[in-house]
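Residue numbers (the working numbering), protein chains in the order written: chain A, 6 to 465; chain B, 6 to 465.
Encoded structure:
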């Protein structure tokens with residue numbers, strides 16, 4: 006099968022990339038209400054692509070927010086069923102002036118495709134569709150049953166997917182969940198991920214005087230909301246990088262010696278990361294390595310802060326308001342609701358006099374961990390090994406895909422996270438891109454995987 | 006003279022207000038380069054108004070930045086010469102959506118005129134011109150010689166006025182400086198101010214990773230520039246409202262018992278301020294009253310902060326940069342250059358690992374104090390007493406007019422600060438306005454003052 010498959014994929018490559026560009030041109034930013042129609046359009050584009058691939062029962066299913074696109078191929082009688090999850094919504098694109106080419110005008114340079122969503126996650130969703138299409142066209146069948154569940158709200162915390170999955174348990178029933186939305190450990194190192202961090206976050210709104218004041222006339226006599234905000238935020242972390250919100254670490258499952266050893270064995274090059282990011286040094290919770298900090302330890306990050314004058318030069322204002330957005334990455338067994346509550350209590354205890362503080366909770370996601378030795382995980386490793394010709398890494402990841410926990414708890418699905426992005430491809434930042442070498446090898450790996458998975462689950 | 010003067014002012018009131026509106030319509034925002042032509046237009050408008058008032062030698066004099074408008078009337082032979090200083094530039098207007106009527110479309114409601122610059126300082130500059138015009142038209146002469154020096158860069162720290170005054174010492178030579186750019190203590194309480202705080206400030210620019218990062222993939226392993234910035238800022242003030250920058254208070258001249266007693270005698274209503282500002286409580290340096298904190302104690306205020314995502318909802322970004330603008334109000338004998346240096350040293354000592362921090366200095370102003378018993382100060386009190394019919398307050402003020410110190414050091418001029426704005430007129434904020442009762446009574450007081458000043462300086 007190998008040679009023929011690669012030949013077909015090669016012959017279709019130009020056409021595939023043109024189709025991908027069309028998909029990436031749709032500005033499906035889920036966070037911004039003015040892009041609602043674009044998100045809908047991306048869903049309809051997907052439905053059309055799934056039909057063209059030979060999938061059946063294709064539906065654009067409404068939710069309270071953006072729709073879910075469903076499709077299946079269920080003719081592998083007696084064989085396991087795979088549920089493929091992905092998302093077709095993308096992050097906002099500001100600051101726009103830092104993009105070398107416009108975010109929604111895909112551009113191929115140096116064998117990379119540049120566009121918002123190229124890597125996270127439209128590019129990878131597209132690969133899954135093309136893998137199935139290619140197998141159906143070349144083999145006439147798939148070795149396993151496949152269902153697609155593609156959502157449009159991942160970048161805003163999947164507010165409606167829990168309800169959707171709960172209402173469609175029969176439709177979505179499967180033996181394993183496969184997601185391609187996590188990056189490879191590094192270039193040339195295909196990766197299977199067995200754990201994800203969870204997420205919770207909130208916006209802090211500090212209000213002081215009812216209007217902006219002249220800092221000369223009132224400065225020193227009235228609490229400044231920005232001072233109050235920085236005091237609250239600074240109280241949440243100490244100089245050792247530890248989060249000082251009371252109870253924050255109470256439920257954290259410590260790293261086992263086996264996990265620590267496995268991470269050390271990856272011989273991860275921290276100096277390389279430092280150089281790539283161009284920082285004087287890396288920084289994080291004292292006593293942990295970079296991989297431990299970003300895979301297996303919880304964090305609290307300030308994602309945005311704003312208040313007062315931001316223009317050119319000086320304005321001697323004592324502002325009326327100040328705001329910050331913070332998110333935590335959580336690890337087993339931290340509970341997002343409990344952590345959000347602990348942070349709110351911390352804020353109450355650390356609010357300086359003279360201002361009022363309110364919080365707005367963002368959507369949450371639970372942390373998740375799959376057994377390392379699950380056959381679907383090991384089969385993924387074999388597929389990657391064959392496609393890339395190197396041994397894959399088995400990792401945990403720092404990012405959050407809240408719905409993985411949803412699928413686990415509602416449908417009792419083990420999850421295989423097999424992503425093809427690279428860590429420096431600027432997800433969520435200007436100049437997002439995707440290396441086409443992983444588009445090519447990843448497509449091969451995905452085709453192999455369905456055969457490996459059939460064998461692995463048959464042996465159970 | 007009194008009755009005739011008031012009658013003339015009354016008869017001209019509508020015309021005066023129409024002229025003032027025309028002046029206020031010019032968006033002379035000195036901080037924003039796109040308004041350069043508007044600032045120039047405001048200077049030319051002033052020159053025309055000064056000529057119309059009967060002043061002579063009217064000139065729009067260029068500087069490296071915005072021009073200075075000069076005019077004089079020097080026919081009171083053997084009499085003292087007054088230099089009137091004011092500024093025709095205004096603050097930026099953001100946030101624009103909080104203005105009830107547009108900032109550059111003056112609107113009179115409830116006997117107040119609403120517009121950017123109505124109170125600070127175009128309205129008061131205009132009053133000085135109309136006072137002189139009225140006296141020249143009714144009396145045919147002025148009791149003292151008068152020179153106008155009106156600048157267009159006060160709101161950006163008067164970067165070119167030092168050089169201008171140094172180069173025009175003969176042109177500007179005088180016996181006393183009169184400035185109307187300070188507010189009255191409260192409504193119905195005309196005020197002569199004998200001291201001003203100085204100013205220094207800087208922008209703090211924190212840079213971390215070379216681009217924005219995904220907080221899931223990198224969060225916990227890379228210093229977050231916003232965390233670093235809030236840590237730096239929070240280290241500058243303690244919970245008692247004291248500034249913790251080493252050496253900050255070293256040169257501060259303590260309040261004398263006489264000054265403390267004089268401030269207590271004003272029976273200032275702090276609860277009224279609290280209510281007007283709508284804050285849960287006032288806050289400032291422990292051990293000082295509101296007046297002491299805002300008149301005679303130095304401050305460090307964060308005027309603006311920004312970094313990361315500011316839009317609607319959540320974006321899980323670990324940003325590349327974060328920024329803050331801070332300014333200090335200084336009291337005798339603090340030196341702005343020294344304080345700026347102390348802050349820079351503090352920042353260097355308190356920069357967390359993993360980021361680089363740079364600072365940009367803003368323009369500075371020295372603090373200033375005039376002897377309370379100077380005859381020009383006391384004459385101002387008498388003029389206000391006659392115009393308003395109540396005893397005036399003699400105060401110090403929290404704001405900065407850096408050029409007062411310039412005129413003092415270069416021209417050896419005592420300064421009389423006799424302003425007609427009210428503290429809640431939203432200078433530097435949306436809905437700036439000016440009470441027309443103080444436009445009317447202030448015009449009378451300014452006319453009286455030149456006679457009182459002639460007598461007072463004659464007796465010396």
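All C-beta atoms in this analysis are idealised placements derived from N, C-alpha and C, irrespective of residue type, glycine included.
For residue 156(A), the uninterrupted beta strand (DSSP E) segment begins and ends at 150-156. Residue 215(A) sits in coil when the DSSP states are folded into three classes, being neither helix nor strand. Only exposed fits residue 259(A), as fewer than 16 other CB atoms lie within 10 angstroms of its CB. Listed along the chain, the chain B residues whose CB falls inside 7 Å of the CB of residue 323(A) are 306.
Scanning chain B for C-beta atoms nearer than 9 Å to the C-beta of residue 431(A) yields 216, 217, 218 and 219, reported in chain order. Residue 122(A) holds the alpha-carbon nearest to the alpha-carbon of residue 31(A) among 15(A), 75(A), 282(A) and 122(A). By a beta-carbon distance limit of 8 Å, residue 78(A) does not contact residue 130(A). Their separation comes to about 16 Å. DSSP places residue 229(A) outside any alpha helix (DSSP H), giving it a letter other than H or E. Residue 155(B) counts as buried, since at least 16 other C-beta atoms from the protein chains shown sit within 10 angstroms of its C-beta.
Contact annotation for residue 229(B) against chain A: 306 and 307 [CB-CB distance below 8 Å, chain order].
When the alpha-carbon of residue 187(A) is set against those of 458(A), 145(A), 453(A) and 420(A), the nearest one is in 420(A). Not flagged as an interface residue toward chain A: residue 414(B), since no C-beta distance is shorter than 8 Å. With 16 or more other Cβ atoms from the protein chains shown falling within 10 Å of its own Cβ, residue 339(B) counts as buried. Burial state of residue 351(A) is buried, judged by a 10 Å Cβ sphere holding 16 or more other Cβ atoms. Straight through space, the alpha carbons of residue 402(B) and residue 301(B) are spaced by roughly 8 Å. Contacts with chain A at 8 Å (Cβ-Cβ) do not include residue 82(B). Nearest C-alpha to residue 12(A) among 142(A), 24(A) and 26(A): 142(A).
From the beta-carbon of residue 161(A), the residues of chain B found nearer than 7 Å are 318 and 319. Residues of the same chain with a CB within less than 8 Å of the CB of residue 66(B), apart from the 5 flanking positions on each side, are 72, 73, 74, 75, 169 and 173 in chain order. Residues of the region 338-357 of chain A with a C-beta atom less than 9 Å from some C-beta of chain B are 357, listed in chain order. Ranking 184(B), 160(B) and 165(B) by CA distance to the CA of residue 153(B) puts 184(B) first.
Membership of residue 401(A) in the beta strand (DSSP E) is indicated by the continuous run 398-402.
The beta-carbon separation of residue 433(A) and residue 320(B), rounded to 7 Å, stays under the 8 Å limit for a contact.
Looking at the backbone, the Cα of residue 384(A) and that of residue 89(A) are separated by about 16 Å. The beta carbon of residue 283(B) sits closer than 8 Å to some beta carbon of chain A.
Bridge partners of residue 311(B) according to DSSP: 311(A) and 328(B). Inter-segment contact for the region 192-208 of chain B and the region 378-396 of chain B is present: three or more beta-carbon pairs are separated by less than 8 Å. Annotation: Cβ neighbours of residue 232(A) in chain B (cutoff 7 Å, chain order): 242 and 307.
In this structure, the straight-line span from the alpha carbon of residue 97(A) to that of residue 306(A) is close to 19 Å. At a cut-off of 8 Å, the C-beta of residue 292(A) has no neighbouring C-beta in chain B. By the rule that beta-carbons nearer than 8 Å mark a contact, residue 401(A) does not touch chain B. Listed along chain B, the residues sitting closer than 8 Å to residue 222(A) by beta-carbon distance are 188, 299, 402, 403, 404, 428 and 432. Residue pairing by DSSP places residue 75(A) opposite 64(A) and 154(A) in a beta bridge. Taking 8 Å as the upper bound for CB-CB distance, residue 427(B) and residue 227(A) are not in contact here, some 17 Å apart. Counting along the chain, the unbroken beta strand (DSSP E) around residue 365(A) starts and ends at 361-366.
Measuring C-alpha to C-alpha distances from residue 189(B) to each of 241(B), 179(B), 271(B) and 219(B) identifies 271(B) as the nearest.
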